[in-house]
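Asker:
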Amino acid sequence: MKVFVDANTILSGLLFAGNESALLELGRLRALRLVCNEYVMQEVERALKRGEFSLEDEERRHLLRYALECISVVENPTEEEIKKHYDLLKDKKDLPVVLGAKMENCDCLVTGDRELLSKKVRLFVNSVTTSELLERLAKEKFIRL
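For the sequence shown, the positions run 96 to 240 when our numbering is used.
1. Do you know how far the Cα of K234 is from the Cα of V139?
2. Tell me, please, which residues DSSP counts as bridged to S222.
3. Drop a sphere of 10 angstroms on the beta-carbon of S167, count the other beta-carbons inside from all chains shown, and report buried for 16 or more, exposed for fewer.
4. Where does the unbroken alpha helix (DSSP H) through N114 begin, and where does it stop?
5. How many angstroms separate the CA atom of K215 from the CA atom of L143?
6. Anyone know if the C-beta pair for N103 and S226 falls short of 9 Å?
7. Quick check on the burial criterion: 16 or more other C-beta atoms within 10 angstroms. Buried or exposed for D101?
8. Count the other CB atoms, across all protein chains shown, that sit within 10 Å of the CB of A244; report buried if there are 16 or more and exposed otherwise.
9. The alpha helix (DSSP H) that contains R155, what's its start and end?
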């Protein structure tokens, strides 16, 4: 299964124990193919530098290395693709995320973002929360919770 992950999902998985860290570990073990694009990974890097996490440079580098063990990073959508779908979202900065999942033919986009979980977006790309995906995998006897 190919799964696109957004920045907040990655950050939660890197910094906290829980569903998101379990998802990253499934990616590291290659039980799932986790992908994001360069845009998302840059967002993760910027967020890790923010003072609220109080991370040293070495800690940040370690977390980013781990993320890259878990997730394949793909190219961003083109400006042309973004312009073509400009009306899809109110929050235009999330267009590269949704389009990345669509362009990579992912089975789903894992996010906690309300707009990305809206019916309109779900008609465009299969967006789910981390817990929804893990529950689905458990029902398919893919994993044990």
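Every residue, glycine too, gets a C-beta built ideally from N, C-alpha and C.
Answerer: Let me lay it out:
1. Their Cα atoms are separated by approximately 31 Å.
2. L204
3. Classification of S167: exposed, given that the 10 Å Cβ count is below 16.
4. 114–123
5. Taking the Cα positions, K215 is about 31 Å away from L143.
6. no
7. By the neighbour-count rule (16 or more Cβ atoms within 10 Å), D101 is buried.
8. Past the edges of the chain, shown from 96 to 240, lies residue 244, and the structure says nothing about it.
9. Residues 152–165.
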